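Chains as they are written, first to last, in the numbering used here: chain A, 11 to 298; chain B, 11 to 298. In this text, a Cβ means the ideal position worked out from N, Cα and C, and glycines have one as well. None of these values were measured; they are calculated from a predicted model. Step one of this worksheet: look at the structure below.
Written as structure tokens, this is what we have:
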């Protein structure tokens, strides 16, 4: 079998972000950690870590990390049927979209994670990259708007998120005084989450506008709302996130009655053990 | 001189995330865009784009993009002194920490950006990576807690952020009933922003605790607060962000009277033109 103390050293270096800190966690010296990583690299015949500026896994290291994670999940299931075993502290790595994480995610999974004493390692990724990380085994599950399952994985729908095109009343008065039309859209600054965020483009296409428009890029859900509140632009904001600001009149729709509906899908490996199945059931219950 | 229509094609492909969309923006066919990129690559003798899954700049492409950005900034200044020129829509790429973007950033720069019709491209990065991107010329400014200026750049302090160790009252009752001590910290799940987030470690070290602790990883400021509110862990949250939840009694400190103070520094290139100088002045005024 693989020498798991070497893999544990690798996983701890990545988790803690350094050899010294990994040593503290594992009760080893920094040089003992280095030695374990070197031994691992000699055994598999290639580097597992890029050393600078912070340690990062190479593609080979990433595969080892994913294997450790899968083994930890199986150990969790084992500990349930053999209560004399100490419960391992697996951390489940899940890719998800920023807007879910900023809104409904915590309340949907909070009780489940508390009950199972489950730790999560959440990563925010564009859905194409998230699904690739899923295929590569880097994450055990992925929440995104792509309905196409990864081979070997399952995919279940988890309800919709409704997005509204929101801005402050004074922004709307300044930039959309002539209405929500081509001329306004050409010059009114929008806020877009990132270069791969297609919500804005999809919304405008749905409204019949296919031209260019000026925009800020803001890869933070909360920052996004704050920019809108500061009158810097209009943006597609989840209705559940903007609710208090809409009710207080701080944000209004620049195109009343229009919205963009995004269906979310939960992708997960079929054979990741019971915890993923139970988490999936908890998510389905929370979103139904 | 460089053929700027080729660089403009490159910048637009990266900004819009695709050849077809770049074509729409520039009023060209997709194949015309491809042709410009190929011509550019032939001229500089190496690839400027990685094509899949979404177009990304190679290191050489990145340098060209940075150059375009600097030229656009200079064009802005020129347009101010030659009002007959159309104002170019430069987008200022700035790296900053997630907590600033989620809290005070928008209100500090909103009025300035509206007044100058300035568009921002904000990127969230760990400070080591942010400063490296600054050195490589990929961003024109960087907001982080590192006080060491990059050669050729200036660095000014921008006040402090105060972080408190917060959790729900029921979480505190469950995990810290015996007080804020070593035994509690060993088993109470924390929430950490990412593998390179040192706030939690620094806070615990400041309190005299150097051991391991279980934690969730959550790379979203708002998701972080939501996880704490769902009772999944305690975490270092900016006081300004948690204020409503503290006042409503939803979050309380697990170590009353203790906090972590982080000084923020604004790094910017000396010769990026007037807009950066004016933005710096606006930031200093807002944070003083």
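Cβ separation of residue i and residue j, assumed to be a contact under 8 Å, to the nearest whole Å
i                      : j                      : result
residue 262 of chain A : residue 177 of chain A : 7 Å
residue 271 of chain B : residue 170 of chain B : 5 Å
residue 160 of chain A : residue 145 of chain A : 5 Å
residue 117 of chain B : residue 238 of chain A : With 8 Å as the limit, residue 117 of chain B and residue 238 of chain A do not qualify as a contact, their Cβ atoms being about 12 Å apart.
residue 229 of chain A : residue 133 of chain B : 7 Å
residue 223 of chain A : residue 203 of chain A : With 8 Å as the limit, residue 223 of chain A and residue 203 of chain A do not qualify as a contact, their Cβ atoms being about 15 Å apart.
residue 65 of chain B  : residue 24 of chain B  : 6 Å
residue 122 of chain B : residue 292 of chain B : 4 Å
residue 194 of chain B : residue 268 of chain B : Going by Cβ atoms, the distance from residue 194 of chain B to residue 268 of chain B rounds to 14 Å, so no, they are not a contact pair.
residue 78 of chain B  : residue 70 of chain B  : Incorrect: roughly 13 Å between the Cβ atoms, too far for contact.
residue 15 of chain A  : residue 166 of chain A : No, residue 15 of chain A and residue 166 of chain A are not in contact; Cβ-Cβ is about 37 Å, not under 8 Å.
residue 232 of chain A : residue 232 of chain B : 4 Å
Endpoints, beta strand (DSSP E) assigned at residue i
i                      : result
residue 49 of chain A  : Segment 40 to 54 is the alpha helix (DSSP H) holding residue 49 of chain A; no beta strand (DSSP E) there.
residue 277 of chain A : 270 to 279
residue 169 of chain B : 163 to 177
residue 246 of chain B : 244 to 248
residue 265 of chain A : Residue 265 of chain A -> no beta strand (DSSP E), and no H or E assigned at all.
residue 138 of chain B : No beta strand (DSSP E) holds residue 138 of chain B; the alpha helix (DSSP H) holding it covers 137 to 145.
residue 151 of chain A : 151 to 154
Backbone secondary structure at residue i - three-state DSSP
i                      : result
residue 228 of chain A : coil
residue 106 of chain B : strand
residue 222 of chain B : coil
residue 288 of chain A : helix
residue 197 of chain B : helix
residue 24 of chain B  : helix
residue 131 of chain A : strand
residue 202 of chain A : strand
residue 297 of chain B : helix
residue 212 of chain A : helix
residue 66 of chain B  : strand
First through last residue of the alpha helix (DSSP H) which encompasses residue i
i                      : result
residue 84 of chain A  : 69 to 91
residue 32 of chain A  : 29 to 36
residue 116 of chain A : 115 to 126
* Is the segment 245 to 265 of chain B touching the segment 181 to 191 of chain B in the sense that three or more CB pairs, one from each, lie closer than 8 Å? -> yes
* Asked: Taking one C-beta from the segment 108 to 117 of chain A and one from the segment 78 to 91 of chain A each time, how about it: are there three or more such pairs within less than 8 Å?
  -> no
* Any contact of the segment 136 to 152 of chain B with the segment 275 to 286 of chain B, i.e. 3+ C-beta pairs under 8 Å? -> yes
* Can we say the segment 37 to 45 of chain A touches the segment 237 to 248 of chain A, given the rule of at least three CB pairs closer than 8 Å? -> no
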